[in-house]
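Single-structure report; data block below.
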Amino acid sequence: MRSSNPVFSRRGFSRDNGYANFNAAPQAGAPVAGANPYATNPYAQPDAQYGAPQAPVRSGVMTIDDVVTRTALTLGTVVVGAALAWALLPVDEANLGKSYGIAIGAALIAFVLSLVQSFKRTPVPALIISYAAFEGVFLGVISSAVSTYIGPGVVMQAVMGTMCVFAGVLFAYKMRWIRVTRRFYGFVMAAAMGFMLLMVVNLLFAAFGGGDGLGFRSGGLGILFGVIGIILGACFLALDFKQVEDGIAYGAPREESWLAAFGLTMTLVWIYLEMLRLLSILSGDD
50 MRSSNPVFSR RGFSRDNGYA NFNAAPQAGA PVAGANPYAT NPYAQPDAQY GAPQAPVRSG
110 VMTIDDVVTR TALTLGTVVV GAALAWALLP VDEANLGKSY GIAIGAALIA FVLSLVQSFK
170 RTPVPALIIS YAAFEGVFLG VISSAVSTYI GPGVVMQAVM GTMCVFAGVL FAYKMRWIRV
230 TRRFYGFVMA AAMGFMLLMV VNLLFAAFGG GDGLGFRSGG LGILFGVIGI ILGACFLALD
290 FKQVEDGIAY GAPREESWLA AFGLTMTLVW IYLEMLRLLS ILSGDD
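Those letters in the sequence shown? Residues 50 to 335, per the numbering used here, in order.
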């Protein structure tokens, strides 16, 4: 399947870019009647004599341990980068402009690196770790600023909130309360594109008109769009969990667990930023 999150173009484990696996559990090597025999399992190998797809050899394939290990490494890099930025890039009056400039530059570099990885056919661990490091620098400065100028407890609340969203979605997904279907995928993608478009329009109004643009980042509208952003992040988590589940069932190569780590990290960063913004608005209203 072609899963996605805020980058929108990350490749999924199903290399045919189809949606056959949204509606049925993957069966290794099982062809679909009347369809491309390789569409169901993109990692099945053709039989030498008959050309029928066979289940991939069960060696060097992705496991849940691989996904957990690489996700921990990627998220750990984000945390280390954030901690260093918090300690080395102060946000006091004398250094605020410099620190913000470095944070914006780090965010742009992280975005470019994520796009480069998204368009590559195979995961590149160096790109993913570099993305995580620069993303961590951006998050560290932003979090430090929120802690300094809004409230020292907001950052910890945002971290705890992100962890709760992750745990809640994982539990709901494992219980099958959330079912990732083609309709679910289409709805999430349409909603996310609309959300991002509104945010871009708001940014343009803020840049050229001053103030808060259309008001999507403060007050009642800010709270509403913060909640919507968190819900979208939760939906992206469900898509990522589906991607991991399918990759393991299909026998995806072990190195593609880096794609899972990459996607999960981007989604958790999205949720954290939306949670931080929402809590900042709520704290400012107190």
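Glycine included, C-beta positions come from ideal geometry on N, C-alpha and C. All values reported here derive from a predicted model rather than from experimental measurement.
Which term fits residue i, buried or exposed, when burial requires 16 or more other beta carbons within 10 angstroms of its beta carbon?
i: valine 165; result: exposed
i: serine 329; result: buried
i: alanine 241; result: buried
i: glycine 83; result: Low confidence applies here, because glycine 83 scores a pLDDT of 36, under 50, leaving its location unreliable; read the following figure in that light. Glycine 83 comes out exposed.
i: cysteine 284; result: buried
i: leucine 273; result: exposed
i: asparagine 251; result: buried
i: alanine 73; result: No answer about alanine 73 holds up, because its pLDDT of 42 lies below 50 and its placement is not dependable.
i: alanine 134; result: buried
i: aspartate 141; result: exposed
i: serine 58; result: Any reading at serine 58 must be qualified, since the residue scores a pLDDT of 41, below 50, and its modelled position is unreliable; the value itself is stated next. The residue in question, serine 58, is exposed, as its Cβ has fewer than 16 Cβ neighbours within 10 Å.
i: valine 249; result: exposed
i: alanine 88; result: Low local confidence applies: a pLDDT of 42 at alanine 88 is under 50, so the model's placement there is unreliable, with the coordinate-based value given in what follows. Alanine 88 should be labelled buried.
i: tyrosine 198; result: exposed
i: glycine 296; result: buried
i: glycine 130; result: buried
i: valine 318; result: buried
i: threonine 126; result: buried
Our contact map puts residue i next to residue j with C-beta atoms below 8 Å; I'd like the distance itself, whole angstroms only.
i: alanine 156; j: phenylalanine 187; result: 4 Å
i: glycine 282; j: glutamate 323; result: 6 Å
i: isoleucine 320; j: isoleucine 277; result: That pair is no contact at about 12 Å.
i: threonine 316; j: leucine 124; result: So it is not a contact: roughly 11 Å between Cβ atoms.
i: serine 306; j: arginine 119; result: 5 Å
i: phenylalanine 215; j: leucine 286; result: 6 Å
I'd like to confirm the pairing. Which residues does DSSP put opposite residue i in its beta bridges?
i: proline 302; result: Val110
Taking 9 Å as the CB-CB cut-off, is residue i touching chain C?
i: glutamine 166; result: Of the protein chains in this structure there is only one, and it is not chain C.
Cβ of residue i within 9 Å of Cβ of residue j?
i: glutamate 304; j: proline 174; result: yes
i: valine 110; j: glycine 185; result: no
i: tyrosine 149; j: alanine 194; result: yes
i: glycine 200; j: alanine 152; result: no
i: serine 163; j: tyrosine 180; result: yes
i: leucine 219; j: phenylalanine 311; result: no
i: glycine 275; j: leucine 327; result: yes
i: leucine 288; j: valine 237; result: yes
i: leucine 325; j: isoleucine 113; result: no
i: valine 161; j: valine 293; result: no
i: leucine 122; j: isoleucine 158; result: no
| query | In chain order, which beta strand (DSSP E) runs of at least 3 residues are fully inside the segment 203 to 285? | reply | none
| task | Return the chain-ordered ranges of every alpha helix (DSSP H) run that is complete within the segment 129 to 170 and spans a minimum of 4 residues. | result | 145 to 168
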